[in-house]
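Participant: Sharing a structure with you now.
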Amino acid sequence: DKADRALRVVYRVAGRGTEELASLGTGKELQIAGPLGNGFPHKEKRAFLIGGGIGIPPMLQLAKELDCEKQIILGYRDDALFLKEDFKRLGQIYVATEDGSCGTEGNVLDAIRENGLTADIIYACGPTPMLRAIKQYAADKDMECWLSLEEKMACGIGACLACVCKSREKDAHTNVNNKRICKEGPVFRAEEVEL
Ligand code: FES
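Following this line, the structure appears as structure tokens:
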């Protein structure tokens, strides 16, 4: 929130680092480096915003920033539909749940198909199997597609190469088919990366 100079961090406790974060009390001061890396491009095209699991939070900020017709497709495990209410009024929302407890039973692509949705561009963030399927879907439909990848990151500034993914082109920095998710990403054109 630029006006309020506020930053909201949404995370799942998954290990020691996030456990430590979760244990911090209100008013505790933290030092952070950022923002790091790139972000989604902003295009005025009819868009799918697709978030799966912990890939949902980045879609919220993007939905606020994009000035276009938006269809927001959110994939959850079950009916714990975190952040769903925050997406209200930002676009048309469709939900898929793995256990079928809410919306379409299945994944985000099942929700797109079940609702007969169409768009001209895809922005997506979520687990790799989901991104791989979306990349294939976009290729089949000849759609522009942008994916935000995730990897464990040590330095966050492009120095340690802990976060590389496979890329189609050779990277100028390392001269191998790698891209650093923290530095060249986390957002890539779907065709740029191998998933
Ligand atoms: Fe070190 Fe990306 S986290 S290069």
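In case it helps, the working numbering puts the sequence shown at residues 5 to 199. Ideal Cβ placement from N, Cα and C applies to all residues, glycine included.
To the nearest angstrom, how far is the alpha carbon of residue 96 from that of residue 118?
Facilitator: 15 Å
Participant: Could you tell me if residue 48 is buried or exposed, where buried requires 16 or more neighbouring beta carbons within 10 angstroms of its beta carbon?
Facilitator: exposed
Participant: Pairing CB atoms from the segment 71-83 with CB atoms from the segment 136-151, are three or more of them under 8 Å?
Facilitator: No contact exists between the segment 71-83 and the segment 136-151.
Participant: Tell me whether the segment 163-171 and the segment 92-106 touch, counting them as touching only if at least three CB pairs, one residue from each stretch, are closer than 8 Å.
Facilitator: no
Participant: Going by C-alpha distance, which of 37, 15, 36, 38 is nearest residue 27?
Facilitator: 15
Participant: Could you give the DSSP three-state label for residue 11: helix, strand or coil?
Facilitator: Residue 11: coil per DSSP, three-state reduction.
Participant: Rounding to the nearest angstrom, what Cα-Cα distance links residue 126 and residue 32 in this structure?
Facilitator: So the two alpha carbons sit approximately 38 Å from each other.
Participant: Helix, strand or coil: which one does DSSP assign to residue 35?
Facilitator: Here residue 35 carries a coil assignment [DSSP, helix/strand/coil].
Participant: To the nearest angstrom, how far is the alpha carbon of residue 37 from that of residue 171?
Facilitator: Rounded to the nearest angstrom, the two C-alpha atoms are 26 Å apart.
Participant: Helix, strand or coil for residue 192 per DSSP?
Facilitator: strand
Participant: Answer yes or no: do residue 79 and residue 112 have a C-beta to C-beta separation smaller than 8 Å?
Facilitator: yes
Participant: Please list the terminal residues of the continuous alpha helix (DSSP H) segment that includes residue 116.
Facilitator: 112-118
Participant: Hey, residue 108 and residue 83: beta-carbon distance below 8 Å or not?
Facilitator: No, these two residues do not count as a Cβ contact at 8 Å.
Participant: Please list, in chain order, all residues of the same chain as residue 184 whose beta carbon is under 8 Å from its beta carbon, the five residues on each side excluded.
Facilitator: 162, 165, 167, 168, 175, 177
Participant: How many Å lie between residue 13 and residue 89 at the Cα?
Facilitator: 17 Å
Participant: Just checking residue 37 against ligand 1 - is the residue's beta carbon closer than 7 Å to any of the ligand's heavy atoms?
Facilitator: no
Participant: Which first and last residues belong to the beta strand (DSSP E) in which residue 74 is found?
Facilitator: 74-80
Participant: Quick check: the Cα distance between residue 129 and residue 7, rounded to an integer number of angstroms?
Facilitator: In this structure, the CA atom of residue 129 is about 26 Å from the CA atom of residue 7.
Participant: Can you name the start and end residues of the beta strand (DSSP E) that residue 151 belongs to?
Facilitator: Annotation: the continuous beta strand (DSSP E) that includes residue 151 extends over 148-152.
Participant: Helix, strand or coil: which one does DSSP assign to residue 3?
Facilitator: Within the shown structure, residues of the chain are numbered from 5 to 199, placing residue 3 beyond reach of any answer.
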